[in-house]
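Everything on this sheet refers to the single structure shown next.
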Amino acid sequence: MSEKVRVRFAPSPTGPLHIGGLRTALFNYLFAKKHGGDFLLRIEDTDQNRYVPGAEDYIINALNWCGIPFDEGPGKEGSVGPYRQSERKALYRDYALKLINKGWAYYAFDSAETLEHHRKEHEAEGKTFIYNWHNRLKLTNSLSLSEDEVSARLKAGEDYVIRFKSPKDETLVLNDIIRGEIKIDTNILDDKVLFKSDGMPTYHLANIVDDHLMQITHVIRGEEWLPSLALHQLLYTAFDWQAPQFAHLPLIMKPVGKGKLSKRDGEKGGFPVFPLSWNESVGYKEAGFFPEAVVNFLALLGWNPGTEQEIFTLEELIHSFSLERVNKSGARFDPDKNNWYNQQWLQRKSDGELARSFQQLLKEKGVTCEASRIEKVVGLIKERATFVADFWDLGSYFFVTPTNWDDKSVKKQWKEDTPKILEKVAALLENLSDFQSEIIETQVKEWIADQELSFGKVMPPLRLVIVGEMKGPHLSDILEFIGKEESVKRIHNAIAALPN
Ligand code: GLU
Numbered sequence: 000m001s002e003k004v005r006v007r008f009a010p011s012p013t014g015p016l017h018i019g020g021l022r023t024a025l026f027n028y029l030f031a032k033k034h035g036g037d038f039l040l041r042i043e044d045t046d047q048n049r050y051v052p053g054a055e056d057y058i059i060n061a062l063n064w065c066g067i068p069f070d071e072g073p074g075k076e077g078s079v080g081p082y083r084q085s086e087r088k089a090l091y092r093d094y095a096l097k098l099i100n101k102g103w104a105y106y107a108f109d110s111a112e113t114l115e116h117h118r119k120e121h122e123a124e125g126k127t128f129i130y131n132w133h134n135r136l137k138l139t140n141s142l143s144l145s146e147d148e149v150s151a152r153l154k155a156g157e158d159y160v161i162r163f164k165s166p167k168d169e170t171l172v173l174n175d176i177i178r179g180e181i182k183i184d185t186n187i188l189d190d191k192v193l194f195k196s197d198g199m200p201t202y203h204l205a206n207i208v209d210d211h212l213m214q215i216t217h218v219i220r221g222e223e224w225l226p227s228l229a230l231h232q233l234l235y236t237a238f239d240w241q242a243p244q245f246a247h248l249p250l251i252m253k254p255v256g257k258g259k260l261s262k263r264d265g266e267k268g269g270f271p272v273f274p275l276s277w278n279e280s281v282g283y284k285e286a287g288f289f290p291e292a293v294v295n296f297l298a299l300l301g302w303n304p305g306t307e308q309e310i311f312t313l314e315e316l317i318h319s320f321s322l323e324r325v326n327k328s329g330a331r332f333d334p335d336k337n338n339w340y341n342q343q344w345l346q347r348k349s350d351g352e353l354a355r356s357f358q359q360l361l362k363e364k365g366v367t368c369e370a371s372r373i374e375k376v377v378g379l380i381k382e383r384a385t386f387v388a389d390f391w392d393l394g395s396y397f398f399v400t401p402t403n404w405d406d407k408s409v410k411k412q413w414k415e416d417t418p419k420i421l422e423k424v425a426a427l428l429e430n431l432s433d434f435q436s437e438i439i440e441t442q443v444k445e446w447i448a449d450q451e452l453s454f455g456k457v458m459p460p461l462r463l464v465i466v467g468e469m470k471g472p473h474l475s476d477i478l479e480f481i482g483k484e485e486s487v488k489r490i491h492n493a494i495a496a497l498p499n
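When we follow numbering that gives the first Met the number 0, the leftmost residue of the sequence shown carries the number 0, and every step to the right adds one.
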């Protein structure tokens, strides 16, 4: 690519960023970084009715959390700012007028009520009302009215919109990097509104003008914008501007059934669909996902590397990414697979880093413990964890003396002679001068052999009294960690509480 790649993520701040929007941002980021280009954030806030306070900050925080910050955008001014369309409002009118002068657009004065009336009439006949070549001369606009009439209406301050004049009888050949060639008959296009007399451009005009002024080379966005591509291509032609290349990403589909993944799917299935929490919806971050895992699973939603590799760092994604490997068809969202990615990423984290997060959780549970000891526990249990929060379930007994013992296991393991055997084990442990895992293990094993006991008579009940249930890593590792005194105490506690 000879010219510098410049891409943009252009969300409307109408609410939190859905996971699909985050993926669009990620693909833009990967593409930009792969080609040594720039990744811009542009806030498309021309529709003030849909503006939601806090949404812009949310979007920026989400990108930062994922480690995919923008190079230019609000607060990171480059040479083509400002990056909020509401702050660019003054520049769009001239472009709309330019199109009128070139014969590509016209003023339309039809009132909302008149248009609604036409719509209803068509509906009653089972038809759809389209404002375009076939009826525009019968409607109230600068193509059907005299020049004087138009000037008079404008002078009187009458409300108007500026509509695009879609050409008749043409076949547009559009190109999409992912979908290839798409042919569109211009006769089906309607004359979209580009500008309103309140001075606000619509999405279509602002989007094209800004992509041009911001020197965007590639527009990478969701499939839902594919129907706008014909109009956008025509706008570039109308302005005599070189169009960027387009790539429309496949939808993210529900885990089961048909259709696009929605917030409701997350609520029903108990999984997040937002990167960060928003009101009562829990985000990936707050649910305990690592940003690396989220980036990893999002990248593989709709893109495939062409190999069996599944775990990718951001650097590796940048290296491997290409738009040509993005699928055309929708990508099914799989919450279990997302968890798997988190589990994989957790295994790759250092015990020290995990211990720091676990320490927070321990604090909330009222447990204080030295960092190095927490790290040791993490090393022993992390293999089975998907989230840091799992550490508590997997290993609370390292920190807290069990006060009850799993009923089922008690029924199975607690025999008549168990208390007597465990008494002896307690005495044995008490006599060990070096309370180290390997030493504990050999000594206990030797003792079992000496006593001509079976392993099953000693080890499972011992685990039960130490842990409270039949789980956990190597028992002698647990004993070493909790120490001699605590080990003996736990044996005695259980003997006192369980049937003799
Ligand atoms: N503002 C549009 C959106 O909310 C941008 C679409 C585009 O990328 O052109 O998704």
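The C-beta atom is built at its ideal place from N, Cα and C for all residues, glycine as well.
- As for any beta strand (DSSP E) of minimum length 3 sitting wholly inside the stretch 270-326, there is none.
- When DSSP states are grouped into helix, strand and coil, residue 77 belongs to the coil group.
- Counting of Cβ neighbours within 10 angstroms places residue 145 among the exposed residues, the total staying below 16.
- Inclusion of residue 325 and residue 302 in the CB contact set at 8 Å is warranted, their separation being smaller than that value.
- Look at residue 224: its beta carbon is less than 7 Å from one of the heavy atoms in the ligand GLU.
- For residue 9, the shortest separation between its Cβ and any heavy atom of the ligand GLU lies below 7 Å.
- Counting along the chain, the unbroken alpha helix (DSSP H) around residue 148 starts and ends at 146-154.
- About 6 Å separates the beta carbons of residue 497 and residue 409, which is inside the 8 Å limit, making them a contact pair.
- Rounded to whole angstroms, residue 94 and residue 102 show a C-alpha spacing of 13 Å.
- Taken in chain order, the complete beta strand (DSSP E) segments of 3 residues or longer contained in the stretch 92-116 are 104-107.
- By the neighbour-count criterion, in which 16 or more other beta carbons inside 10 Å mark a residue as buried, residue 201 falls on the buried side.
- Within the same chain, and ignoring the five residues on either side of residue 435 in sequence, the residues whose Cβ sits closer than 8 Å to its Cβ are 479.
- Counting only the Cα atoms, residue 361 lies some 52 Å from residue 243.
- No beta strand (DSSP E) of 3 residues or more sits fully in the stretch 379-405.
- Secondary structure at residue 8: strand, using DSSP grouped into helix, strand and coil.
- In this structure, the straight-line span from the alpha carbon of residue 387 to that of residue 213 is close to 42 Å.
- Residue pairing from DSSP leaves residue 59 without any beta-bridge partner.
- With respect to the 8 Å criterion, residue 39 and residue 82 are classified as neighbours on the basis of their beta carbons.
- Distance from the C-beta of residue 192 to the nearest heavy atom of the ligand GLU is not below 7 Å.
- Measuring C-alpha to C-alpha distances from residue 274 to each of 76, 167 and 296 identifies 296 as the nearest.
- With at least 16 other beta carbons inside 10 angstroms of its own, residue 11 counts as buried.
- Distances from the CB of residue 218 to the heavy atoms of the ligand GLU include at least one below 7 Å.
- When the beta-carbon positions are compared, residue 216 and residue 2 come within less than 8 Å of each other.
- Per DSSP, residue 337 is one residue of the alpha helix (DSSP H) stretching across 334-347.
- When 416, 341, 152 and 218 are compared, the shortest CA-CA separation from residue 312 is found for 341.
- For residue 43, the shortest C-beta to heavy atom distance toward the ligand GLU is below 7 Å.
- Beta-bridge partners assigned by DSSP to residue 40: 8.
- Checking the 7 Å criterion, the Cβ of residue 57 is out of range of every heavy atom belonging to the ligand GLU.
- For residue 158, the number of other beta carbons within 10 angstroms of its own is below 16, and it is reported as exposed.
- The Cβ-Cβ distance between residue 378 and residue 350 falls below 8 Å.
- When the alpha-carbon of residue 485 is set against those of 396, 452, 453 and 469, the nearest one is in 396.
- Between the stretch 54-66 and the stretch 164-172 there are fewer than three inter-stretch CB-CB distances shorter than 8 Å, so the stretches are not counted as touching.
- Within its own chain, the residues whose Cβ lies closer than 7 Å to the Cβ of residue 333, once the five positions on either side in sequence are excluded, are 254, listed in chain order.
- Looking at the DSSP output, residue 248 shares a beta bridge with 221.
- Between the ligand GLU and the CB of residue 202, the shortest heavy atom gap is smaller than 7 Å.
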